[in-house]
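Engineer: Quick one: the structure is below, questions incoming.
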Amino acid sequence: MKRCAPVHAGVRSGPISGIGTPGGGMKICVPIAAATNETAFVLMDRALAEADLVEIRLDAIGKPDLKRLLRGRRGRVLVTNRSAAEGGAFDGPEARRVAFLGEAVALGAAYVDIEAATDGGLIRTLRETLRDHGGATKLVVSWHDVTGTPPARALRKKLRELMAFEADVVKLVTRAESVADAFRVLELIPAARRQGQEIVAFAMGGPGRASRLLSVLMGACWTFAALEAGAESAPGQMTVAETRQLISVLSRDSQNGRP
């Protein structure tokens, strides 16, 4: 099975260990969608004191300075430059959007996230950059449905499509209108892992809130949490403190055999 990149030494893992990602504890990733580099620096350092990873959303920053953003943090950073079509804010040429990800690879980011819908030629270019730099940076291929959750058959088909990219991690996120929607997404986690594919999968929105916790208990690479209340980047997102506490309780109960 392809492995999620190991957490950098010194990460605060607390009591959350041994159930989630193979070879390590369950990971919490804090999305940072700051408008300026200066604000991003401050928020990233605050987040890394509490969480395992940070996702830096380049599409939120006017003129991202990747060299400074990754300096001293590169082993714990997921770099994303989300397209407007999948809920992001990048409004420039697609080639430029993907070029930022290539730069992040050259600078040693832990992960880069590219949407499956991206032009195939641009994805191949990014793959070449990954190979040129020895594969130290892991590739996440993602798909987001911000309008709803497809039926189970359609979700399984989407999972197969993502797995065909042979990425280190696939990410599938939908918007839940019901708890049943969220459960359909969670069913993708064991399906992927049985085939040796690492995955991040959960549902946004109130009905999907619990799926953010359950996903890592089921073996997802990480879940996302806000640095603090009011800083949520997506509906249904909890804070790092809430997420860590709830996962700790749930994992203890699971280990003790409690219902």
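Take the sequence shown: its letters are residues 13 to 271, numbered as in our numbering.
Positions of the beta carbon are idealized from the N, C-alpha and C atoms, including for glycine.
Remember, it's a predicted structure, so these values are computed and weren't measured experimentally.
How about V89 and V54: are their beta carbons less than 8 Å apart?
Structural biologist: no
Engineer: Threshold first: 3 residues or longer. Then list the beta strand (DSSP E) segments lying entirely within the segment 227-268, N to C.
Structural biologist: 234-236
Engineer: For K79, which residues of its own chain have a beta-carbon under 8 Å away from its beta-carbon, when the five flanking residues on both sides are left out?
Structural biologist: L119
Engineer: By Cβ distance, which residues of its chain are closer than 8 Å to L200, with the 5 residues on each side in sequence left out?
Structural biologist: The answer, listed in chain order, is L167, R168, L171, L184, I211, A213.
Engineer: Starting from M175, follow its DSSP beta bridges and name the residues at the other end.
Structural biologist: Beta-bridge analysis with DSSP links M175 to no other residue.
Engineer: Is it true that the CB of V91 sits closer than 8 Å to the CB of V42?
Structural biologist: no
Engineer: Leaving out five residues before and five after A63 in sequence, what residues of the same chain have Cβ atoms less than 6 Å from its Cβ?
Structural biologist: I40, V42, V252
Engineer: Taking all protein chains shown into account, do 16 or more other C-beta atoms lie within 10 angstroms of the C-beta of G220, making it buried, or fewer, making it exposed?
Structural biologist: buried
Engineer: Among N49, R196, A194, which residue has its Cα nearest to the Cα of A72?
Structural biologist: N49
Engineer: So, using beta-carbon positions, are K69 and A45 closer together than 8 Å?
Structural biologist: The displayed chain sequence assigns Arg, not Lys, to residue 69. For R69 and A45, yes; Cβs fall inside 8 Å.
Engineer: Based on the DSSP secondary-structure assignment, which residues constitute the bridge partners of F214?
Structural biologist: Beta-bridge pairing by DSSP links F214 to V185.
Engineer: Rounded to whole angstroms, how far is the Cβ of V153 from the Cβ of A179, which I believe are closer than 8 Å?
Structural biologist: 4 Å
Engineer: If distances are taken between C-alpha atoms only, which option among A215, G242, A241 comes closest to T235?
Structural biologist: Measuring from the Cα of T235, the nearest candidate turns out to be A215.
Engineer: Given a threshold of 16 other Cβ atoms within 10 Å of its Cβ, counted over all protein chains shown, does T255 qualify as buried or as exposed?
Structural biologist: buried
Engineer: Between which two residues does the alpha helix (DSSP H) holding T161 run?
Structural biologist: Looking at the DSSP string, T161 is not in any alpha helix (DSSP H), and its letter there is neither H nor E.
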